[in-house]
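Below you'll find the structure, written out as structure tokens, and then a few comments.
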Amino acid sequence: MLDIITTQTASGSVSGLRRTRTLGLPVDATFDTTGVLDAVARNLASRTPYLVTFVNPSSCAVATSRPGYADRLAAFDAVLPDGSGLSLAVRLIHHIPAARISFDTTSLAPKLLGLAEQYGYTVALVGGEPGSAEQAMQRLADAFPMLRFVGAFHGYGDTDVRTRKLVALDPDIVICGMGSDHQEKMLLALKGAGWTGCGFTCGGYLDQLNGGMDYYPAWIDRLNLRWAYRLAKEPRRLWRRYLLDYPPFVVAVVLAACQMSLRRRSDRLTEIRPSQSIELPSRDAIGTGAIP
Numbered sequence: 107m108l109d110i111i112t113t114q115t116a117s118g119s120v121s122g123l124r125r126t127r128t129l130g131l132p133v134d135a136t137f138d139t140t141g142v143l144d145a146v147a148r149n150l151a152s153r154t155p156y157l158v159t160f161v162n163p164s165s166c167a168v169a170t171s172r173p174g175y176a177d178r179l180a181a182f183d184a185v186l187p188d189g190s191g192l193s194l195a196v197r198l199i200h201h202i203p204a205a206r207i208s209f210d211t212t213s214l215a216p217k218l219l220g221l222a223e224q225y226g227y228t229v230a231l232v233g234g235e236p237g238s239a240e241q242a243m244q245r246l247a248d249a250f251p252m253l254r255f256v257g258a259f260h261g262y263g264d265t266d267v268r269t270r271k272l273v274a275l276d277p278d279i280v281i282c283g284m285g286s287d288h289q290e291k292m293l294l295a296l297k298g299a300g301w302t303g304c305g306f307t308c309g310g311y312l313d314q315l316n317g318g319m320d321y322y323p324a325w326i327d328r329l330n331l332r333w334a335y336r337l338a339k340e341p342r343r344l345w346r347r348y349l350l351d352y353p354p355f356v357v358a359v360v361l362a363a364c365q366m367s368l369r370r371r372s373d374r375l376t377e378i379r380p381s382q383s384i385e386l387p388s389r390d391a392i393g394t395g396a397i398p
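107 is the number of the first residue of the sequence shown in our numbering; add one for each residue after it.
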């Protein structure tokens, strides 16, 4: 069901997102990245915490296996549909526009990093194998020469130690790629420790950067075949997601869309009422000829 129409940020400003409950997950629908970037810019300027994460069809499987995952997602200011599958699910089930917004080079990442470079905001990277975040930082530094980095951390080891180090560095922006649920826990822990910047989960983005800024060929992106391209490049890591998690997701979307369609039809029939009741004349009135 569609829970609320607008999503308020922690600072109380309206972000222009429409939060839905889609297959048990909170998912925010929006036309494009503009509303998200506007909210980020406002919260960076006021130094108010603003957390953004992304969900895809495999997130439904994560929610089933990890208690509390959906609640942690709901604690984020923006939960965006990462991939065409989930954005299509929102459109089919709720009949509202929902653009695909991902933290990668084809979507939100270059716009956010350009904003940070323009206004001098500091950035920290978290995630990947040891050395991965440092390599990603170098790639981004080459692409955005004026971008100010304050740290890069791998995604393993003691989370509390990493949290304390990040709070001490106090970056304006943290980009965290540690896998579903782990990355959300990391950003929520940062906020809970008093950090007031803007945080973004990024999945495998840091690892993708190590292969170059343009991970997806233009024609792959244009045809929305990013999932197939990733599966071909990373079969050992992604086969389960695409071959086991996605088919049940497709079935669930079809069933939910049919259920919502039937509910809307039932609601419309319930709302149909005569505009006013018609009072029939009594027998006495008929007998006396008192009918006008």
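Glycine included, C-beta positions come from ideal geometry on N, C-alpha and C.
Check	Outcome
Taking buried to mean at least 16 other C-beta atoms within 10 Å of its own C-beta, is I281 buried or exposed?	buried
Grouping DSSP H, G and I as helix and E and B as strand, with all else coil, what is P155?	coil
Would you kindly work out how many angstroms separate the C-alpha atoms of T136 and R124, rounded to a whole number?	7 Å
Taking V185 and D134 to be in contact with their CB atoms under 8 Å, please state how far apart those CB atoms are, rounded to whole angstroms.	5 Å
Is it true that the segment 238 to 247 meets the segment 308 to 325, where meeting means three or more beta-carbon pairs spaced less than 8 Å apart?	yes
Tell me whether the beta-carbon of H260 lies closer than 8 Å to the beta-carbon of G234.	yes
Taking D276 as the reference, which of V229, F250, Q241 and H288 has the closest Cα?	V229
Have a look at L131 and D266 and give me their C-alpha separation to the nearest angstrom.	27 Å
When the cut-off is 8 Å and only beta carbons count, does A169 lie next to chain B?	Given the protein chain composition of this structure (a single chain), no chain B is represented.
Within its chain, find whatever has a CB closer than 8 Å to the CB of A176; leave out the 5 residues flanking it on each side and keep chain order.	G130, L131, P132 and A169
Taking a contact to mean a Cβ-Cβ separation below 8 Å, would you say I207 touches V256 in this structure?	no
Contact check, L192 vs V161 under 8 Å by CB: the rounded distance?	6 Å
Count the other C-beta atoms from every protein chain shown that fall within 10 angstroms of the C-beta of Q289, then say buried if there are 16 or more, exposed otherwise.	buried
So the candidates are V273, A205 and L198; which of them puts its Cα closest to the Cα of A362?	L198
Grouping DSSP H, G and I as helix and E and B as strand, with all else coil, what is A204?	coil
Nearest to G300 by CA position, among G283, G310 and K271, is which residue?	K271
Could you tell me the alpha carbon to alpha carbon distance between A324 and L375, rounded to whole angstroms?	48 Å
State the CB to CB distance for the pair Y156 and C308, rounded to an integer number of angstroms; the pair is presumed to be in contact (CB under 8 Å).	About 15 Å separates the two Cβ atoms, so there is no contact after all.
Indicate the three-state DSSP secondary structure (helix, strand or coil) for A299 in the structure shown.	coil
Taking 8 Å as the threshold (C-beta atoms), are L350 and L344 in contact?	no
With distance defined between alpha-carbon atoms, name the residue in T302, S238, Y335 and R369 nearest to A274.	T302
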